[in-house]
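Engineer:
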Amino acid sequence: MAPFVPYDPSQGWSYQNVPPEQIARVEIFPPIGIARVGDSGSLPGGEEDTSSEIEYYYGPEVPGSYGTPVPGGSEQPFGSFRDGEQRIRRQAARFRVYAYDKNGKALGEINNASNYTMNWVVHVANKKAASYMFRGRTETAQAELRNPDVDSVDTPLSGDPFDTSLENRTSLIIDPGERSIKRDPSGGNPQPVKLIGSFQGSKPAGEKPLPGRLVFLGGRGFSRSIQAPAFDPPEIISEMDSIDWMDDICDGWIDVIVSHPNRPGLSKEITRPHKATIIAAPPKFAWNMQLPTSLYDVVENYTKPNIWPVLAGMYKLSWVNKFAYRGHGPNGFGNFAAMEKELSSVPTSADKNKNLRQHIFDRLRVPNFKNKDMAGEKFMPRLSGDSGMSSLVFVTMSLRDHIRASHRRRARARCAAHRERDRALAALTELQYQRFTNWKDGKFTATPIKPKKCIEEYGIELQPAELTRAALEQTVGDPLYPGIEVFWIAKLSDTVNHDKVLPGFLSRGLCLPWQSDFSQCNTHWWPSARPDDVIPDKYVYDAKMKNLEGNDLAAFLGEFERSSWTRGIRETPDNDTFFPGSTDMVTMWTGLGFIVKVQDKADELPVYVESERLMGGAEFFSP
């Protein structure tokens, strides 16, 4: 059998030579990379399958192009999210090195093709079990430790997300230490480096080299309790802070030292690059979906403001969340995808779309809790915030939906005790809100979005910024309660300061294990990563048999009653001590379906359906 080779949109491109004598500094891009776990290359219990290869795909490297287009127009990485064994492919984060001259001008990417030697250093860790029990960003409850009976802490518990006193809890930290991998132009491909630490078990992750670029793969995605076999976990009895549990989510930094035979002292003569950040996160099951606020929006310093992804994203989310469907689906009054012409029409003296823009703007929640009257379902985004969902919010929901939407009893109790209800709701960032203000006032330009197929289609000077944006567009920036890729530490100013943010700090405030989040955080949380309500792909074929296509197909499917994405997994009752859905998610996550686009013509509303599901479970059909 031929060895696995991932589809590479950059394959075949030639690169201009960068003379080493012109280099004043080098930098790693993207500065924050996102890898995602998957069970490809693993046995059912999470152990390595030595008889099969790890299959993976490269994460987004071009803004607005969420994956690699494949024949048929569907945007999926390498055509499928599963390998030949029906295991989930992992998302790889690929890092490149760009050189700059003394004036700050980008000279180009440097790699083995231009005779440079790259010595990469990686340090990641998982510190969830050694961290504090989860608290929302605005909560003031007393800080408590996870696993309090192991490696106790003598100093007062501050709850500070940058607290280094917890570093002494070494029995609970999975840390393989700094590992290096070197690729020089004359040598062959070095073997992948496995990153393994101990927690009375192991946490694997790995990286593979290609032409001087670093390719980082996340772990296998399996979680376990050390009190039971990996394939037979005990019932989870904690909402977010399970004792004696471990998973293989991790984060840390990446560094590089470059050299060239024509400039032996290159690495010592130039300015050292800033370390890049690597985050290994859970899978993203809703491809080509994004929430109104991504991590890029949280940390951005971008020169091309764009509000269309927020508006278009509402329509996309209608295919994975029934509440988004009611307002923004194919037949909804808030179907912004169908209003693109009106919403992007630059005003003339007769601004006939002014009232429409004003109406949409008036529904946007003011950022940073500045308007307490906006704590309700009328305003957007209709998502929970960094402090969890308030029991006073979304009063029109049924009791059943409210229970499912909440972080159960503890979150609601904390709402009442520690915050007002407006703090429990998501809002755009200040910068996003200002852009919408300008748009509402008619101060904007309309430029058609034409995504590139690969990063090389941009000019050298634009590539670093585009790589930065692409890597973070599909992440969750709000709400961070606790989050998918990182928790609310991402909203603090030192997020990428590696002197203060040590390996493992960005993910240590997330759920332990990560599957608990995926079980409990539904309805108003992260439908762009963890779908809520879906249409199985078999109904698309039923609809096409009726000769429906285009907008008619979207409207027809839009009337279907959605099926629960987690059908087949037990529901968790409104109880503080029993979380059967979380337990099931630990063993059944690999069978869940992925959301993919099945209609992709420019003049048609896109359609997104659930595909590649391996689990059973009740479905609904009501054409």
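Be aware that the sequence shown starts at 1, since it is given in full-length UniProt numbering, and climbs by one per residue. The C-beta atom is built at its ideal place from N, Cα and C for all residues, glycine as well. A quick note: this is a predicted structure, and the numbers were derived from the prediction, not measured.
#1: How is histidine 498 classed by DSSP in three states: helix, strand or coil?
#2: To the nearest angstrom, report how far apart lysine 316 and glycine 334 are at their CA atoms.
#3: Taking DSSP as the reference, what is the three-state secondary structure of lysine 182?
#4: Comparing alpha-carbon positions, which option in Gly568, Asn353, Asp537 and Thr170 lies nearest alanine 554?
#5: To the nearest angstrom, how far is it from the Cα of valine 310 to the Cα of threonine 155?
#6: For a test of the three-state rule: what should DSSP assign to glycine 201, helix, strand or coil?
#7: What residue range does the alpha helix (DSSP H) around tyrosine 296 cover?
#8: Do alanine 529 and glycine 59 count as a contact pair if the criterion is CB distance below 8 Å?
#9: Taking 8 Å as the threshold (C-beta atoms), are isoleucine 484 and leucine 506 in contact?
#10: Take aspartate 244 and list the residues in its own chain whose beta-carbon comes closer than 6 Å to its own, dropping the five residues that flank it on each side.
#11: Runs of 4 residues minimum, wholly inside the stretch 445-504: which ones carry the alpha helix (DSSP H) assignment?
#12: Is it the case that the stretch 263-277 contacts the stretch 20-31, given that we only count it when at least three CB pairs across the two stretches are under 8 Å?
#13: In three-state terms, what does DSSP make of phenylalanine 134?
#14: Answer yes or no: do tyrosine 116 and histidine 260 have a C-beta to C-beta separation smaller than 8 Å?
#15: Have a look at phenylalanine 444 and histidine 359 and give me their C-alpha separation to the nearest angstrom.
#16: How should serine 40 be labelled, buried or exposed, when 16 other C-beta atoms within 10 angstroms of its C-beta is the threshold for buried?
#17: Given that a residue counts as buried once 16 or more other Cβ atoms are within 10 Å of its Cβ, and exposed if not, what is glutamine 434?
#18: Excluding the five sequence neighbours on either side, which residues of its own chain have a C-beta within less than 8 Å of the C-beta of asparagine 168, listed in chain order?
#19: Which same chain residues, not among the five before or five after valine 607, have their C-beta less than 8 Å away from its C-beta?
#20: Report the rounded CA-to-CA distance for proline 513 versus lysine 500, giving the unit in angstroms.
#21: Which first and last residues belong to the beta strand (DSSP E) in which tryptophan 287 is found?
#22: Leaving aside the five residues before and after asparagine 111 along the sequence, list all residues of the same chain whose C-beta is less than 8 Å from its C-beta, in chain order.
#23: Give me the Cα-Cα distance between phenylalanine 222 and glutamate 235, rounded to the nearest whole angstrom.
#24: Give, in chain order, every unbroken run of the alpha helix (DSSP H) that is at least 4 residues long and sits entirely within the stretch 303-369.
#25: Have a look at glutamate 604 and asparagine 551 and give me their C-alpha separation to the nearest angstrom.
#26: Taking all protein chains shown into account, decide if serine 51 is buried (16 or more other Cβ within 10 angstroms of its Cβ) or exposed.
#27: How should lysine 453 be labelled, buried or exposed, when 16 other C-beta atoms within 10 angstroms of its C-beta is the threshold for buried?
#28: Give the DSSP bridge partners of lysine 597, in chain order.
#29: Pull up the DSSP beta-bridge partners for threonine 271, would you.
#30: Spatial neighbours of phenylalanine 4 within its chain, please: CB distance less than 7 Å, with the 5 preceding and 5 following residues excluded, ordered by chain position.
#31: My assumption, with CB atoms under 8 Å, is that aspartate 232 sits in contact with asparagine 126. Please give the rounded CB distance.
#32: Considering methionine 118, what are the terminal residues of the beta strand (DSSP E) in which it resides?
#33: If you reduce the DSSP assignment to three classes, tell me which class valine 215 lands in.
#34: Among Asp241, Met314, Tyr296 and Arg179, which has the Cα closest to the Cα of valine 256?
#35: With a Cβ-Cβ cutoff of 8 Å, do serine 516 and serine 564 count as a contact?
#36: Should proline 451 and proline 30 be called a contact, given that it needs their Cβ atoms to be closer than 8 Å?
Structural biologist: The structure says:
#1: In the sequence shown, residue 498 corresponds to position 498, counting from 1. Three-state DSSP puts histidine 498 in coil, outside helix and strand.
#2: Locating residue 316 in the sequence shown gives position 316, counting from the first residue. Locating residue 334 in the sequence shown gives position 334, counting from the first residue. Here the alpha carbon of lysine 316 sits roughly 12 Å from the alpha carbon of glycine 334.
#3: Against the sequence shown, residue 182 aligns to sequence position 182. In this structure, lysine 182 counts as strand in the three-state DSSP scheme.
#4: Working through the sequence shown from its first residue, we reach residue 554 at position 554. Residue Asp537 holds the alpha-carbon nearest to the alpha-carbon of alanine 554 among Gly568, Asn353, Asp537 and Thr170.
#5: Here residue 310 refers to the residue found at position 310 when the sequence shown is read from its first residue. Here residue 155 refers to the residue found at position 155 when the sequence shown is read from its first residue. The alpha-carbon atoms of valine 310 and threonine 155 are separated by roughly 45 Å.
#6: To locate residue 201, count along the sequence shown from 1; it is residue 201. Low confidence applies to glycine 201: its pLDDT is 35, below 50, so where it sits in the model is not reliable, and the reading given next is rough at best. Glycine 201 falls in the coil class under three-state DSSP.
#7: Counting from 1 along the sequence shown, the entry for residue 296 is found at position 296. Where tyrosine 296 is concerned, the enclosing alpha helix (DSSP H) stretches over 295-299.
#8: Looking up residue 59 in the sequence shown gives position 59. Looking up residue 529 in the sequence shown gives position 529. Contact annotation: glycine 59 and alanine 529 have beta-carbon atoms that are not nearer than 8 Å.
#9: By 1-based counting over the sequence shown, the position of residue 506 is 506. By 1-based counting over the sequence shown, the position of residue 484 is 484. Not closer than 8 Å, so no.
#10: Residue mapping note: residue 244 aligns to position 244 of the sequence shown, counting from 1. Here the set comprises Ser225, Ile226 and Gln227.
#11: The DSSP assignment places 463-472 as complete runs of the alpha helix (DSSP H) inside the stretch 445-504, in order along the chain (cut-off: 4 residues).
#12: The stretch 20-31 vs the stretch 263-277: in contact.
#13: Taking the sequence shown and counting its residues from 1, one reaches residue 134 at position 134. Looking at phenylalanine 134 - three-state DSSP - the assignment turns out to be coil, as it is neither helix nor strand.
#14: As a working mapping, residue 116 is identified with position 116 in the sequence shown. As a working mapping, residue 260 is identified with position 260 in the sequence shown. Cβ atoms of tyrosine 116 and histidine 260: closer than 8 Å.
#15: In the sequence shown, the residue the question calls residue 444 occupies position 444. In the sequence shown, the residue the question calls residue 359 occupies position 359. Distance between phenylalanine 444 and histidine 359, taken at the CA atoms: about 17 Å.
#16: The count along the sequence shown starts at 1 and reaches residue 40 at position 40. Serine 40 is classed as buried because its beta carbon has at least 16 other beta carbons within 10 Å across all chains shown.
#17: For the purposes of this step, residue 434 is taken as residue 434 along the sequence shown, with counting starting at 1. It is exposed - the Cβ of glutamine 434 has fewer than 16 other Cβ atoms within 10 Å.
#18: Looking up residue 168 in the sequence shown gives position 168. The answer, listed in chain order, is Asp151 and Val153.
#19: On the sequence shown, position 607 is the one that residue 607 refers to. Closer than 8 Å at Cβ, skipping near neighbours: Trp319, Val540, Leu553, Ala554, Leu557, Lys597, Val598 and Gln599.
#20: Indexing the sequence shown from 1 puts residue 513 at position 513. Indexing the sequence shown from 1 puts residue 500 at position 500. A straight line joining the alpha-carbon of proline 513 with that of lysine 500 spans about 25 Å.
#21: For the purposes of this step, residue 287 is taken as the residue at position 287 of the sequence shown. Segment: none, tryptophan 287 is in no beta strand (DSSP E) and carries neither H nor E.
#22: Counted from its first residue, the sequence shown places residue 111 at position 111. Correct list, in chain order: Tyr15, Arg96, Val97, Met118, Pro211, Gly212 and Arg213.
#23: Mapped onto the sequence shown, residue 222 falls at position 222. Mapped onto the sequence shown, residue 235 falls at position 235. Going from the Cα of phenylalanine 222 to the Cα of glutamate 235 covers about 16 Å.
#24: Counting only runs that start and end inside the stretch 303-369, the alpha helix (DSSP H) elements of at least 4 residues fall at 308-317, 322-328, 340-343 and 354-362.
#25: Taking the sequence shown and counting its residues from 1, the one referred to as residue 604 is at position 604. Taking the sequence shown and counting its residues from 1, the one referred to as residue 551 is at position 551. Roughly 6 Å between the two C-alpha positions.
#26: For the purposes of this step, residue 51 is taken as residue 51 along the sequence shown, with counting starting at 1. If you draw a 10 Å sphere on the C-beta of serine 51, you find fewer than 16 other C-beta atoms in it, and that means exposed.
#27: Position 453 of the sequence shown, counted from the first residue, corresponds to residue 453. With a threshold of 16 other beta carbon atoms within 10 Å, lysine 453 falls short and is exposed.
#28: Residue mapping note: residue 597 aligns to position 597 of the sequence shown, counting from 1. Partner(s): Tyr608.
#29: To locate residue 271, count along the sequence shown from 1; it is residue 271. Beta-bridge pairing links threonine 271 to Arg25.
#30: Looking up residue 4 in the sequence shown gives position 4. Once the five neighbours on either side are set aside, the close Cβ partners of phenylalanine 4 are Glu53 and Glu55.
#31: By 1-based counting over the sequence shown, the position of residue 232 is 232. By 1-based counting over the sequence shown, the position of residue 126 is 126. By a beta-carbon distance limit of 8 Å, aspartate 232 does not contact asparagine 126. Their separation comes to about 22 Å.
#32: Working through the sequence shown from its first residue, we reach residue 118 at position 118. Counting along the chain, the unbroken beta strand (DSSP E) around methionine 118 starts and ends at 117-125.
#33: The count along the sequence shown starts at 1 and reaches residue 215 at position 215. Strand.
#34: One-based indexing of the sequence shown puts residue 256 at position 256. Cα-wise, what sits closest to valine 256 is Arg179.
#35: Position 516 of the sequence shown, counting from 1, holds the residue named residue 516. Position 564 of the sequence shown, counting from 1, holds the residue named residue 564. Not a contact, by the Cβ cut-off of 8 Å.
#36: Here the question's residue 451 lines up with position 451 in the sequence shown. Here the question's residue 30 lines up with position 30 in the sequence shown. In this structure, proline 30 does not lie closer than 8 Å to proline 451 by Cβ.
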